[in-house]
Each structure stands twice: as structure tokens, then as C-alpha cells.
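Asks: The structure that follows is given in the form of C-alpha cells.
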Amino acid sequence: MPHHPGQLPTLHHHFASALPEMSVSYTPRSAEGAELGVLNEKLAEDLGLDPDWLRTPDGLGFLTGTRLDPAAQPVAQGYSGHQFGGFSPRLGDGRAVLLGELHTPAGRTVDIHLKGSGPTPFSRGGDGYAALGPMLREHLVSEAMHALGVPTTRALAVIRTGEQIVRPNTTDPDKAGVFEHQQGAILVRVASSHLRVGSVQYARLLQTEQHTGPLARLLDVARERHYPHLPQGDYLGLYRAVCQGQAELVAQWMRLGFVHGVLNTDNTTLSGETIDYGPCAFLDRLDPDTWFSSVDTHGRYAYRNQPSIIMWNLARLAEAMLLLVDVEAIGAELEGFPAAYRRAWLAHMGRTLGLSAHLQADPATRDVATALIDELPGTLHAAGLDMHHFYRDLAYRDLAAGTAEAPTPQLRDWIARWGDFRPDRAAMAEVNPLIIPRNHVLNAALNTAEAGDMGPYLRLLDAVTHPFRDSADVRELDRPAPPDAAKTTTYCGT
Ligand code: AMP
Ligand code: MG
Numbered sequence: 000m001p002h003h004p005g006q007l008p009t010l011h012h013h014f015a016s017a018l019p020e021m022s023v024s025y026t027p028r029s030a031e032g033a034e035l036g037v038l039n040e041k042l043a044e045d046l047g048l049d050p051d052w053l054r055t056p057d058g059l060g061f062l063t064g065t066r067l068d069p070a071a072q073p074v075a076q077g078y079s080g081h082q083f084g085g086f087s088p089r090l091g092d093g094r095a096v097l098l099g100e101l102h103t104p105a106g107r108t109v110d111i112h113l114k115g116s117g118p119t120p121f122s123r124g125g126d127g128y129a130a131l132g133p134m135l136r137e138h139l140v141s142e143a144m145h146a147l148g149v150p151t152t153r154a155l156a157v158i159r160t161g162e163q164i165v166r167p168n169t170t171d172p173d174k175a176g177v178f179e180h181q182q183g184a185i186l187v188r189v190a191s192s193h194l195r196v197g198s199v200q201y202a203r204l205l206q207t208e209q210h211t212g213p214l215a216r217l218l219d220v221a222r223e224r225h226y227p228h229l230p231q232g233d234y235l236g237l238y239r240a241v242c243q244g245q246a247e248l249v250a251q252w253m254r255l256g257f258v259h260g261v262l263n264t265d266n267t268t269l270s271g272e273t274i275d276y277g278p279c280a281f282l283d284r285l286d287p288d289t290w291f292s293s294v295d296t297h298g299r300y301a302y303r304n305q306p307s308i309i310m311w312n313l314a315r316l317a318e319a320m321l322l323l324v325d326v327e328a329i330g331a332e333l334e335g336f337p338a339a340y341r342r343a344w345l346a347h348m349g350r351t352l353g354l355s356a357h358l359q360a361d362p363a364t365r366d367v368a369t370a371l372i373d374e375l376p377g378t379l380h381a382a383g384l385d386m387h388h389f390y391r392d393l394a395y396r397d398l399a400a401g402t403a404e405a406p407t408p409q410l411r412d413w414i415a416r417w418g419d420f421r422p423d424r425a426a427m428a429e430v431n432p433l434i435i436p437r438n439h440v441l442n443a444a445l446n447t448a449e450a451g452d453m454g455p456y457l458r459l460l461d462a463v464t465h466p467f468r469d470s471a472d473v474r475e476l477d478r479p480a481p482p483d484a485a486k487t488t489t490y491c492g493t
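Encoded structure:
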């Protein structure tokens, strides 16, 4: 049912009711000086919320969780997590709250969740707040990912709280890491759910020796929410579906050169959506050893490691589910992950390179097309080209000119062999974006936004959320970082 302006939207609390031991009741503090920073009007409409109403004081009260339908039961969710390989049994929403679940006009159920909403019993010494720059960053990158067709949490709004908080600088290369006062902000996040591998780990910890406790209930909630076609009690099927979703997701990240940055088990969802845009970034040159996060001192979450790290996280999920599934059977599912990932990667690269039909042709053609795909990352890395511009040039440019300009003989040879296939260039134009959010461009826009001018941020947001639309803005805002620029460092927990 669409919501009627003047009435507070109905929020459901299925998670809070079904799993009382996995959350604590939490009512966001008053937000006196709050102001709307960005509102995603299109998403609001899809959710059945009236954008004009969201701009009223009542609407802002809804978006800050301070004016909710009395039946709502906002909670901070508990979860565990392997962070950089080490297990933290009790993480949870240290600066976030699940306001509740909303039923959309299209019949979906989504979480309405605030990030930066104040300290909770899970804050562990953190202040519970979030700064404007990182929340605007998540809003823009998550919406760009959605526009690129990648499963992801969404961003409904960013609200300036009017409060000052202390944080290291993350956007100005000259002041990076220096502590300073920053403006507080809340991100209103919309997700299929906030159930994570870490949620299952937490449920397992709360489980008693007997088969009573939250583990089965949590998995039932996840199944109903994300995989309703599965029969009740089919935990192995649920695990297989999560593995497939994650294989598909990480294949999309890899084809787009996306580096998530903190692939802890608490940042790996059961829904298959990307979650938590802290220290993420897109590669420009395809260097597989690239990572950006300031806290990732050994490159655990570098670009090339992402598929195996996701598999590692899925192994932790399997362990947490062992009480309810046969160990051999779930082990076999886990072992199927590399093949599932490879299928997804080949399918995405087939589309990227206009070779989808060749991948489904006779075995000989398929083998040659597969070899071309497999050779490309190394060939592109050696050539040192911007990967996005390279794909785009393949789709749009005169092939002979592209071959002549390729910087290495290997790449010239690769382009010639690729051209012999008569790839489907029209199909390529549908999947190769004309713009991705470049960190150096985004950081400059965030700096200006922090100084009070939202203009460049909104212009970039508009461009990256229409990544297949050509315009002068797109061409200007998609410039790669200068080759001699210092590697971008990104920060999480900020
Ligand atoms: P994240 O890096 O956002 O995935 O956060 C990892 C964990 O740290 C989660 O449990 C967060 O709730 C918690 N956390 C991050 N920043 C803060 C903060 N400023 N105050 C309290 N908890 C935080
Ligand atoms: Mg997180």
C-alpha cells in the first residue's frame, strides 16, 4: 500500500519480534537541528513514500527515526564478525538502528535503517555517530552501483544532524588522517535485509546445545525474506542460494574493478547485496594487487583476493550452520563456489566484451572466447591502461585505430583476435558504463560539500546514477587520476 501523506508510514518489526535475543530496543535521540542534505526522490517513490512529505518536519522526523508510527519497534541489531580474519563475537549496530521493515507498493519488503544515529549498547567505545563526507560517499557509490546493475543496499537520504563530531580527514590529500571537527550526518539506508554472515555467527553463539535457540529461526527469517521458493527447513538449499548470490555479486565487482575494502563476515550479506561502503574504490588501471584501505595493512582485501575472501566468509557461514546441516553436504556446496564464481565471471566478461553468443557456441569457439577472456586481465595490467576507458573504446571506437594505438604488442594482438570474432558491440554499450565514481573526483566533490556547496556533489551523483547516458558532464567527471598521483587511501569506521 502506498503511504498517504500526513500519515506516518507503517513499519513492520518481523525481525525484532522473531528474534528478540538478537537485538536491543533502541529509539533514536531527538534531532533538533536536522536538515535534509540529499533525498533520493525516485527511490522514495518506489517505496511508496511521497518525496514532498519527506521534506516536511514530520517527514524529516520519520527519516531521523524520531517520529515513527507508535507500533514501530526500532532496534539495534546484534551480529558477530570475523574482522581481518580475527573473530569478534559481539559487534552489532554500534552507530545504526533498524527502524523497521517497509512493504513497498511492488510487494517487496525492505529494511529502513539509519547509520550515524547515535550510541547503542553495541557501540564498544565508539561515539555512535557518522560524518557527512562518508555518508554522502556511501549514498553516491551505492546508488552508482545500483545504476550499474550490481545488487546493493540503497540510499534514501542523507541528513545533516547539525552536530560536530571528531574524525580524521578522509577527502583532502593534504590533510588525510588528521583529526578535525566534522559535521555529523545520518544515512537512511534501504536494504533487502541487514542479515549478514555475522548475524548467523551471532545466532550460533546464542544457541544452546539443544536445538533450541535463534539459529533456525534466523535462517527461517532469511529464507522467507530472500529465498521464499525454498521449502521450510531446507537449510542446505539456503546455503547454496547464498553461495550463488555471493558468486554472482563478486563476479560483478571484479568485472567493474570494484574493491570493497572491508570484506569482514559482518559485511557479507545473506541477500547477496553489497553492503557498507567505507573504504571502497574502483580501479582505474587493472593492477590485481591494488587495495586502498588504510587499515588493511597486508592487502587481505585487495582486488584479486575478493573471490577467495568471499569463499572464506562462506566457510565461516557453513561452520555457523553445522548444527542444522550435514557436514559433508555443506562442504560439497562450499567446494562448488570456485566453479560458480567462474561461471558468473565468464558470463559477465562475455557481456562486457560482446562475446556472450561465442561462449554458448560450439566447444572450439567457446574455448577460444574463454581464452581471450582469461588472457585479458594480465594483458591489460601489463599495458597499464585505464580499464574502463579500454572497455568503452572497444565498444565504440574504430577497431583498426584502437589496434594501432595499443601500447603493447600483446594488447595489439589481443584486440586483433577479439575483432576477428565480430563481437556484439551494441550489447557491449549496454553494460560498459560511460562513467564510474572515481575517488579523486568524488573526494573533491565531498570536500566542496563539507564546505557547504552541494553543487559538484549533486552533479556527480546525477552523472554516476545515469552511467550509460552520454553528456559533457560524464566525459569530464570520468577522468582517471593522473598516473603520477599518490595512491588514494580510503578509511573505514569514519
Ligand atoms: P563498519 O566498518 O561500518 O562495517 O563497522 C564495523 C563495526 O564497528 C560495526 O559494529 C559498527 O557498528 C561499529 N562502528 C563503526 N563506527 C562506529 C562508531 N563511530 N561508533 C560506534 N560503533 C561504530
Ligand atoms: Mg559493517
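Mapping of the sequence shown onto numbering that gives the first Met the number 0: residues 0 to 493, in sequence order. Positions of the beta carbon are idealized from the N, C-alpha and C atoms, including for glycine. Computed from a predicted model, the values in this text were never measured in an experiment.
How do the segment 305 to 320 and the segment 229 to 243 stand: do at least 3 beta-carbon pairs fall below 8 Å, yes or no?
Replies: At 8 Å Cβ cutoff, the stretches touch.
Asks: What residue does the beta strand (DSSP E) around F86 start on, and which one ends it?
Replies: Numbered from its first residue, the sequence shown carries residue 86 at position 87. Per DSSP, F86 belongs to the beta strand (DSSP E) from G85 to S87.
Asks: Within 8 Å, do at least three Cβ pairs link the segment 328 to 345 to the segment 411 to 431?
Replies: Taking 8 Å as the limit for Cβ pairs, the verdict is that the segment 328 to 345 does not touch the segment 411 to 431.
Asks: Throw me the rounded Cβ distance for the A184 and P466 pair, which I believe falls under 8 Å.
Replies: To locate residue 184, count along the sequence shown from 1; it is residue 185. To locate residue 466, count along the sequence shown from 1; it is residue 467. So it is not a contact: roughly 25 Å between Cβ atoms.
Asks: Quick one, which of H225, R222, T296 and P287 has its alpha-carbon nearest R303's?
Replies: Numbered from its first residue, the sequence shown carries residue 303 at position 304. When each option's Cα is compared against that of R303, the closest is P287.
Asks: Going by beta-carbon coordinates alone, are S198 and L229 separated by less than 8 Å?
Replies: To locate residue 198, count along the sequence shown from 1; it is residue 199. To locate residue 229, count along the sequence shown from 1; it is residue 230. Their beta carbons are not under 8 Å apart, which means S198 does not touch L229 by this criterion.
Asks: Drop a sphere of 10 angstroms on the beta-carbon of L285, count the other beta-carbons inside from all chains shown, and report buried for 16 or more, exposed for fewer.
Replies: For the purposes of this step, residue 285 is identified with residue 286 of the sequence shown, where counting begins at 1. Buried is the call here.
Asks: Would you check if the segment 255 to 265 and the segment 352 to 370 touch, i.e. whether three or more CB-CB distances between them fall below 8 Å?
Replies: At 8 Å Cβ cutoff, the stretches do not touch.
Asks: Indicate the three-state DSSP secondary structure (helix, strand or coil) for P167 in the structure shown.
Replies: Sequence index remark: in the sequence shown, residue 167 carries index 168 (1-based). Looking at P167 - three-state DSSP - the assignment turns out to be strand.
Asks: Considering only DSSP beta bridges, list what A425 is partnered with.
Replies: For the purposes of this step, residue 425 is taken as the residue at position 426 of the sequence shown. A425 is not bridged to any residue.
Asks: Please list, in chain order, all residues with a C-beta atom less than 6 Å from at least one heavy atom of the ligand MG.
Replies: This selection yields D265, N266 and D275.
Asks: By Cβ distance, which residues of its chain are closer than 8 Å to D68, with the 5 residues on each side in sequence left out?
Replies: Looking up residue 68 in the sequence shown gives position 69. Within the same chain, D68 has close Cβ partners L7, P8, T9 and L10.
Asks: Please classify M0 as buried or exposed, where buried requires at least 16 other C-beta atoms within 10 Å of its C-beta.
Replies: Within the sequence shown, the letter at position 1 stands for residue 0. Model confidence at M0 stands at a pLDDT of 49, short of 50, so the residue's coordinates are unreliable; what they give is reported in the following sentence. Flag for M0 reads exposed.
Asks: Using beta-carbon positions only, say whether T65 and S29 come within less than 8 Å of one another.
Replies: Mapped onto the sequence shown, residue 65 falls at position 66. Mapped onto the sequence shown, residue 29 falls at position 30. Closer than 8 Å, so yes.
Asks: Output the distance between the C-alpha atoms of S141 and A129, rounded to the nearest integer angstrom.
Replies: Translated into positions along the sequence shown, residue 141 becomes position 142. Translated into positions along the sequence shown, residue 129 becomes position 130. If you take the alpha carbons of S141 and A129, they lie about 17 Å apart.
Asks: Taking L97 and H193 to be in contact with their CB atoms under 8 Å, please state how far apart those CB atoms are, rounded to whole angstroms.
Replies: Counting from 1 along the sequence shown, the entry for residue 97 is found at position 98. Counting from 1 along the sequence shown, the entry for residue 193 is found at position 194. Sure, about 6 Å apart at Cβ, within 8 Å.
Asks: If we ignore side chains and look at the alpha-carbon of each, how far apart do Q182 and I164 end up?
Replies: As a working note, residue 182 is residue 183 in the sequence shown. As a working note, residue 164 is residue 165 in the sequence shown. For Q182 and I164, the distance between alpha carbons rounds to 6 Å.
Asks: Can the beta-carbon of P73 be found less than 8 Å from the beta-carbon of D283?
Replies: Numbered from 1 along the sequence shown, position 74 holds the residue referred to as residue 73. Numbered from 1 along the sequence shown, position 284 holds the residue referred to as residue 283. No, the pair does not count as a contact, with Cβ atoms beyond the cut-off.
Asks: Roughly how far, in whole angstroms, is the beta-carbon of Y78 from the beta-carbon of G91, given that I think they are within contact range, below 8 Å?
Replies: For this step, residue 78 is matched to residue 79 along the sequence shown. For this step, residue 91 is matched to residue 92 along the sequence shown. Sure, about 6 Å apart at Cβ, within 8 Å.
Asks: Is Y25 near the ligand AMP - that is, is its Cβ less than 7 Å away from at least one heavy atom of it?
Replies: In the sequence shown, the residue the question calls residue 25 occupies position 26. No, the Cβ of Y25 stays beyond 7 Å of every heavy atom of the ligand AMP.
Asks: Is DSSP giving Y234 helix, strand or coil here?
Replies: Locating residue 234 in the sequence shown gives position 235, counting from the first residue. Y234 falls in the helix class under three-state DSSP.
Asks: Helix or strand or just coil, what does DSSP make of E475?
Replies: As a working mapping, residue 475 is identified with position 476 in the sequence shown. Residue state, collapsed to three classes: helix.
Asks: Measuring CA to CA, which of L393, T169 and V196 is closest to S293?
Replies: Here residue 293 refers to the residue found at position 294 when the sequence shown is read from its first residue. Cα-wise, what sits closest to S293 is T169.
Asks: So does L90 have its beta carbon nearer than 7 Å to some heavy atom of the ligand AMP?
Replies: On the sequence shown, residue 90 is found 91 positions in, with the first residue counted as 1. Correct: L90 has its Cβ closer than 7 Å to the ligand AMP.
Asks: Which residues in the same chain as L48 place their Cβ atom closer than 7 Å to its Cβ, once the five residues preceding and following it in sequence are excluded?
Replies: Numbered from 1 along the sequence shown, position 49 holds the residue referred to as residue 48. Hits under 7 Å: H2 and P8.
Asks: Could you check what DSSP says for I158 in three-state terms: helix, strand or coil?
Replies: Residue mapping note: residue 158 aligns to position 159 of the sequence shown, counting from 1. It is a strand residue.
Asks: Where does the unbroken alpha helix (DSSP H) through S122 begin, and where does it stop?
Replies: Numbered from 1 along the sequence shown, position 123 holds the residue referred to as residue 122. Where S122 is concerned, there is no enclosing alpha helix (DSSP H), given that its DSSP letter is neither H nor E.
Asks: So the candidates are P376, G148 and D171; which of them puts its Cα closest to the Cα of L410?
Replies: Taking the first residue of the sequence shown as position 1, residue 410 is located at position 411. Selected option, being the one with the closest Cα: P376.
Asks: Fully enclosed by the segment 51 to 88, which beta strand (DSSP E) runs are 3 residues long or longer?
Replies: Listed in chain order, they are 74 to 76, 80 to 82 and 85 to 87.
Asks: Under a three-way DSSP split, which group does S16 fall into?
Replies: For this step, residue 16 is matched to residue 17 along the sequence shown. Helix.
Asks: Nearest by alpha-carbon distance to L59: which of I329, T211, A156 and A443 is it?
Replies: For the purposes of this step, residue 59 is taken as the residue at position 60 of the sequence shown. Ranking the options by Cα distance to L59, first place goes to A156.
Asks: At a cut-off of 7 Å, would you count F83 as near the ligand AMP, judging by its Cβ distance to the nearest heavy atom?
Replies: Along the sequence shown, one-based indexing puts residue 83 at 84. No; taking the cut-off as 7 Å, the Cβ of F83 has no heavy atom of the ligand AMP nearer than that.
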